[in-house]
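Sequence positions in the sequence shown follow the working numbering and run 3 to 76. Here a beta-carbon is modelled for each residue, glycine too, at the ideal position from N, C-alpha and C.
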Amino acid sequence: MASRACQTLARWSFDELGLFRLELGHRVNNPASCRVALAAGFTTEGVERQKLEYDGVRYDVERHARLATDEEVT
3 MASRACQTLA RWSFDELGLF RLELGHRVNN PASCRVALAA GFTTEGVERQ
53 KLEYDGVRYD VERHARLATD EEVT
């Protein structure tokens with residue numbers, strides 16, 4: 003359900019808002035978010051080291067992106 007919602011929002015952003023590139027990030031210790039991003043057609047681009055901090059702990063973030071020209075996910 004989350005990946006379908008992400009796909010729908012991405013398509014709307016491209017078609018209605020005219021955006022070309024969307025980025026999505028998640029903590030590397032959150033594999034469920036990674037699966038959602040990949041299922042929604044976002045491509046992994048890399049890791050941003052220690053980007054987020056929660057309660058004094060720093061976390062790496064995996065960055066994903068999707069372009070308006072990317073093929074639709076089925």
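Neighbour-count burial assignment, residue i, 16 or more Cβ in a 10 Å radius
i	result
F44	buried
A12	buried
R68	buried
Short Cβ contact (9 Å threshold) for residue i with residue j
i	j	result
C8	V30	no
R60	L26	no
S35	L24	no
Backbone CA spacing between residue i and residue j [nearest angstrom]
i	j	result
D62	A41	21 Å
First through last residue of the alpha helix (DSSP H) which encompasses residue i
i	result
T46	No alpha helix (DSSP H) holds T46; the beta strand (DSSP E) holding it covers T45 to Y56.
L11	A4 to D17
Run of the beta strand (DSSP E) containing residue i, from where it starts to where it stops
i	result
D62	V59 to L69
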